[in-house]
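One structure below.
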Amino acid sequence: MPIDPNEPTYCFCQQVSFGEMVACDNTDCDIEWFHFECVGLKQMPKGQWFCPNCRKGRR
1 MPIDPNEPTY CFCQQVSFGE MVACDNTDCD IEWFHFECVG LKQMPKGQWF CPNCRKGRR
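Written as structure tokens, this is what we have:
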């Protein structure tokens, strides 16, 4: 089945939603949703989680 060109993309990889995903808790995050594999997660983090880009900006 071909990929719908209107399907939104997410994450650093700019792929469609698949597998387990996590949302960045920074409300101003440009990307917002990330695939576990792309950010090195194996399970859902407890509490707040910030993507690598937003963590850099928080320092």
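If you're matching positions, the sequence shown starts at 1 in full-length UniProt numbering and goes up one per residue. All C-beta atoms in this analysis are idealised placements derived from N, C-alpha and C, irrespective of residue type, glycine included.
>> So, with DSSP's three-state summary, where would you put Val39?
In response: In the sequence shown, the residue the question calls residue 39 occupies position 39. Here Val39 sits in helix by DSSP.
> For Val16, is the classification buried or exposed, using 16 other Cβ atoms within 10 angstroms of its Cβ as the cut-off for buried?
Replying inline: In the sequence shown, residue 16 corresponds to position 16, counting from 1. Val16 comes out exposed.
>> If I measure Cβ to Cβ from Met21 and keep anything under 8 Å in the same chain, skipping five residues before and after, which residues do I get?
In response: Against the sequence shown, residue 21 aligns to sequence position 21. Only Tyr10, Cys11, Trp33, Phe34, His35 and Phe36 meet the Cβ criterion.
> Which residues in the same chain as Lys42 place their Cβ atom closer than 8 Å to its Cβ, once the five residues preceding and following it in sequence are excluded?
Replying inline: Numbered from its first residue, the sequence shown carries residue 42 at position 42. Around Lys42: Phe36.
> From which residue to which residue does the beta strand (DSSP E) around Val22 run?
Replying inline: In the sequence shown, the residue the question calls residue 22 occupies position 22. That run of the beta strand (DSSP E) goes Met21 to Ala23.
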